[in-house]
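Undergrad: Take 0 as the starting number for the sequence shown in numbering that gives the first Met the number 0 and just add one per residue. Have a look at the structure that comes next, please.
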Amino acid sequence: MTQHTDLPSDLLPATVREFFAAHVARDADTASSFLTEDVVVVDQEETFRGREAVHAFLRDAGSEFEYTTEQIGARRVDDAHWVVTVRLEGTFPGGVAELDYRFALRGGLVAELVIANHTA
């Protein structure tokens, strides 16, 4: 179930916008530059700790599939927490997925990112 929100991308913090743009472009080096050294990323119950481990995850995640990514929503939880909802379509099992990217920022960088199935 696709649910669009009214928060345009340009109202997201620059860190979130730029990280996400690099991630969608599969540019792990640039995406990693927006992470704290002690960043924690949780993707579908798998946890990666530290910039090096997260860089490897960003570089390799989904590389065996072809897919497109469309931002379908965004919202502010508070000054440090933001959620970006995306729709993926591609050659992975199921072919379509809607995911929430839940960002926690610290000092202008991503300190935590939880990627999980979108909940309406």
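The beta carbon of each residue, even a glycine, is placed where N, CA and C say it ideally should be. From a predicted model like this one, the values you see are computed outputs, not experimental measurements.
(1) Between which two residues does the alpha helix (DSSP H) carrying Arg16 extend?
(2) What three-state label does DSSP hand Leu10 in the structure shown?
(3) Can you name, in chain order, every residue of its own chain whose Cβ lies under 8 Å from the Cβ of Thr67, other than the five neighbours on each side?
(4) Skipping 5 residues on each side, what residues in its chain have a beta carbon closer than 7 Å to that of Leu34?
(5) Taking DSSP as the reference, what is the three-state secondary structure of Asp51?
(6) Which two residues bound the contiguous beta strand (DSSP E) that contains Ala103?
(7) Nearest-angstrom Cα distance between Asp125 and His22?
(8) Compare the Cα-Cα distances from Asp9 to each of Glu44, Gln70, Ala27 and report the closest residue.
(9) What residue does the beta strand (DSSP E) around Asp77 start on, and which one ends it?
TA: From the atom records:
(1) Counting along the chain, the alpha helix (DSSP H) containing Arg16 begins and ends at 13-23.
(2) Three-state result, Leu10: helix.
(3) Leu87, Glu88, Gly89, listed in sequence order.
(4) Only Arg50, Val53, Leu108, Val109 meet the Cβ criterion.
(5) The sequence given here places Glu at residue 51; Asp does not occur at that position. Glu51: helix per DSSP, three-state reduction.
(6) Boundaries of the beta strand (DSSP E) around Ala103: 95-105.
(7) Residue 125 lies beyond the residue range present for the chain, which begins at 0 and ends at 119; the question has no answer from this structure.
(8) Nearest of Glu44, Gln70, Ala27 to Asp9, Cα basis: Gln70.
(9) DSSP places Asp77 inside the beta strand (DSSP E), whose first and last residues are 66-77.
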